[in-house]
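What follows is a short report on a single structure.
Spelled out as structure tokens, the structure:
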């Protein structure tokens with residue numbers, strides 16, 4: 418008798434799985450027994466152009482290993498097309514158990530030069546797309562009283578980065594969306610979690626490497642292959658994670674981190690209330706030592722990948 422695999426019998430939709438982390442997750446889920454919908458529009462990193470070739474390559478990898486997969490090329494960034502992604506799972510495999518919101522684009526530009534289109538394009542794919550696809554699956558999860566959402570967030574949103582106001586806002590928004598889903602759908606045994614992945618992929622290949630310091634940083638990131646993030650996604654999609662919901666994990670090479678959520682860290686009280694002058698005189702000195710520094714992801718994760 419064949420050994421039971423973690424995702425045997427489950428159907429997973431993985432958006433943006435034509436390459437990079439999405440492909441690694443789709444392949445790992447298929448290896449774990451899931452039947453997979455490979456969703457990818459085959460666009461450039463900026464979201465332009467369309468091709469089914471990346472998704473075809475992912476399907477070949479899965480099928481050559483004995484897995485089952487179908488391709489869907491609908492966009493996550495539109496309500497009606499997101500419905501078609503979930504319907505593809507139902508039409509192809511008769512059910513849906515897992516949604517991995519991984520699809521993304523980049524339009525990196527310094528904030529004061531960012532255009533309205535740079536902003537809306539990134540928000541539409543990452544944040545709106547995560548809502549649209551999750552919402553399309555929610556009714557099915559509710560009826561069957563089971564299901565798992567895995568949203569791919571980023572330390573650019575959790576911590577911060579230069580030139581990524583659109584991406585950072587979308588990625589942090591996804592963590593709030595995930596927590597809301599976890600709260601609202603807990604009664605239906607539906608779970609929702611986030612992963613902030615570290616990997617060298619198309620999404621990080623635009624990092625400058627002109628100076629020796631930049632080259633050393635890129636060399637460190639290149640160690641972190643996309644497949645290092647897949648085990649956590651498979652685990653969160655499986656019944657082994659039945660007690661895990663509303664959490665944010667970071668996966669970095671061979672490291673796993675549980676990330677904090679904003680909570681009060683220091684408070685001041687004045688019975689008579691506050692004036693702006695009293696805030697400057699008393700509240701600010703009391704609170705300032707606990708201020709969060711204006712740091713970036715690379716400064717918080719300052720050590721080499723382990």
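In the numbering used here, the protein residues as written are 418 to 723.
Think of the CB as a built atom: it goes at the ideal place given N, C-alpha and C, for glycine as much as any other residue.
Because the structure is a prediction, the values reported are computed rather than measured.
Residue i in three-state terms, based on DSSP
i, result
"residue 578", "coil"
"residue 438", "helix"
"residue 670", "coil"
"residue 540", "helix"
"residue 707", "coil"
"residue 523", "coil"
"residue 424", "coil"
"residue 503", "helix"
"residue 550", "helix"
"residue 715", "helix"
"residue 478", "helix"
"residue 688", "coil"
"residue 494", "coil"
"residue 683", "coil"
"residue 534", "helix"
"residue 640", "coil"
"residue 513", "coil"
"residue 660", "coil"
"residue 693", "helix"
"residue 444", "helix"
"residue 722", "coil"
"residue 590", "helix"
"residue 597", "helix"
"residue 469", "coil"
"residue 655", "coil"
Outcome for residue i when other beta-carbon atoms lying within 10 angstroms are tallied against a minimum of 16
i, result
"residue 529", "exposed"
"residue 656", "exposed"
"residue 639", "exposed"
"residue 643", "buried"
"residue 471", "buried"
"residue 708", "exposed"
"residue 671", "exposed"
"residue 568", "buried"
"residue 434", "buried"
"residue 758", "The structure shown does not extend to residue 758, since the chain spans only 418 to 723, so no value can be given for it."
"residue 510", "buried"
"residue 426", "exposed"
"residue 628", "exposed"
"residue 705", "exposed"
"residue 690", "exposed"
"residue 660", "exposed"
"residue 604", "exposed"
"residue 664", "buried"
"residue 508", "exposed"
"residue 654", "buried"
"residue 492", "buried"
"residue 494", "buried"
"residue 589", "buried"
"residue 525", "buried"
"residue 475", "buried"
Cβ distance (whole Å) where residue i is taken to contact residue j below 8 Å
i, j, result
"residue 662", "residue 703", "Their Cβ separation, rounded to whole angstroms, is 36 Å, which puts residue 662 and residue 703 out of contact at 8 Å."
"residue 490", "residue 459", "7 Å"
"residue 437", "residue 616", "7 Å"
"residue 531", "residue 578", "That pair is no contact at about 13 Å."
"residue 517", "residue 430", "7 Å"
"residue 609", "residue 592", "The pair is not a contact, with the Cβ atoms about 10 Å apart (cut-off 8 Å)."
Bridge partner(s) assigned by DSSP for residue i
i, result
"residue 569", "612"
"residue 432", "456"
"residue 518", "568"
"residue 486", "453"
"residue 607", "564"
"residue 675", "666"
Any non-hydrogen atom of the ligand FMN closer than 8 Å to residue i Cβ
i, result
"residue 643", "This structure simply doesn't include the ligand FMN, nor any ligand for that matter."
Cutoff 9 Å: residue i Cβ touching any chain D Cβ
i, result
"residue 707", "Here there is only one protein chain, and chain D is not present."
Task: Any 3 or more C-beta pairs closer than 8 Å across the stretch 681-693 and the stretch 539-555 - done: no
Open item on the list: Can you confirm whether the stretch 643-659 touches the stretch 431-443 when touching is taken to mean that 3 or more C-beta pairs between the two stretches lie within less than 8 Å?
Closed with: They touch, by the three-pair rule.
Open item on the list: Measuring CB atoms only, is the stretch 553-563 touching the stretch 498-510, in the sense that at least three cross pairs come out at less than 8 Å?
Closed with: yes
Task: Stretch pair the stretch 573-588 + the stretch 476-483: three plus CB contacts closer than 8 Å - done: no
- [ ] Give a yes or no on contact between the stretch 695-702 and the stretch 558-567, applying the rule of three or more CB pairs nearer than 8 Å.
- [x] no
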